[in-house]
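Worksheet for the structure shown next.
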Amino acid sequence: MSRTALVTGASKGIGLAIAKHLAKNGKTVVGVARSDPDEEFPGTYYKVNLEDETSAVDTLAMIADKHPVDILINNAGYSLPATAEDTTLPDFDKQINVNLRGALICSQAVIPGMKQRSFGRIIHMASRAMMGKEERTAYGAAKAGLVSFSRIWALELGPFGITVNAVSPGPIQTALFLRNHPPGSKQYQELVDGMPVRRLGVPEDIAHAVSFLADDDAGYVTGQTIHVCGGMTIGAPGI
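Taking the working numbering, the leading residue of the sequence shown gets 1, the next gets one more, and so forth.
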């Protein structure tokens, strides 16, 4: 059976890799992001700023009406590093709004249809920052909130054939990451040397994990967080 997947934050990096992977596996893909995609998108694409509540609610309602969304990947994210004492309330609110409230808006738009079809896969994009990382007060809190969403919604939505899980990436070589950690630099090599698998991740590593959770055959996995981190969360020091 053909399934339709909605991917947020789909314009680049991990989101675009997820969209491509799902499309390659036969899914009909719908993408949303606040900017145009970096390259040709493998499906239908809508521009929307999830921080704009009215626009986001209206756009997601339109998408849910036009597309029978079976799979939702809440990947949209935003981080502004700051220490606890330097985190301003506007910056805190922005990170909560994009990372956490945006996921709620998207989920509330598609859950009714999933219930009607007795099938759904909701996958939240968490982060290693929720386990403890300096200057991630707001971002880490928002990502931990997504894990909590996964556990609570798994209980609420399981009877309707809907699973809810999270994927938590370790260091992933997106364009932004590579600008801050150029290959060949001392900082880059220190990260590699500190990883149990002795390499950093690529967006496709995350896409593979998401694809598993999105599959029809993954119906017995719910309320879980998969750490796609090269073993960093179990053994690597201070990355």
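Even glycine gets a Cβ: it sits at the ideal position worked out from N, Cα and C.
For T233, the secondary structure class from DSSP, reduced to helix, strand or coil, is helix.
Taking a contact as a CB-CB distance under 8 Å, the pair A154 and T222 counts as one, their CB atoms being some 4 Å apart. Using a Cβ distance threshold of 9 Å, L176 and G145 do not count as a contacting pair. By the Cβ-count criterion, K20 is buried, with 16 or more other Cβ atoms from all chains shown falling within 10 Å of its own Cβ. In the DSSP annotation of this structure, G113 is not part of any beta strand (DSSP E); the continuous alpha helix (DSSP H) holding it starts and ends at G102 to R117.
T225 sits in a strand when the DSSP states are folded into three classes. Taking C-beta separations shorter than 8 Å and ignoring five residues to either side along the sequence, the partners of A214 in its chain run R3, A5, L22, K27, I71, I73, R121 and I123, following chain order. For H21, the enclosing alpha helix (DSSP H) has its first and last residue at G13 to K24. With a cut-off of 8 Å on Cβ pairs, the region 129–143 is not in contact with the region 201–212, counting fewer than three such pairs. The straight-line gap separating the alpha-carbon atoms of Y46 and T233 is approximately 35 Å. In the pairwise beta carbon analysis, the region 38–54 is classified as touching the region 9–19: at least three pairs are separated by under 8 Å. In the structure shown, T137 falls within a helical segment according to DSSP collapsed to helix, strand and coil. For N97, there is no enclosing beta strand (DSSP E), as DSSP marks it with neither H nor E. Nearest neighbour of D217 by Cα position, chosen from P196, F119, I105 and A142, turns out to be F119. Of the residues G102, V197, S79 and I172, the one whose Cα lies closest to the Cα of F92 is S79. DSSP places I73 inside the beta strand (DSSP E), whose first and last residues are V69 to N74. According to the DSSP secondary-structure assignment, G31 is paired through a beta bridge with V7 and Y45.
Rounded to the nearest angstrom, the gap between the Cα atoms of E190 and M1 is 45 Å.
In the three-state DSSP reduction, G145 falls in the helix class (H, G or I).
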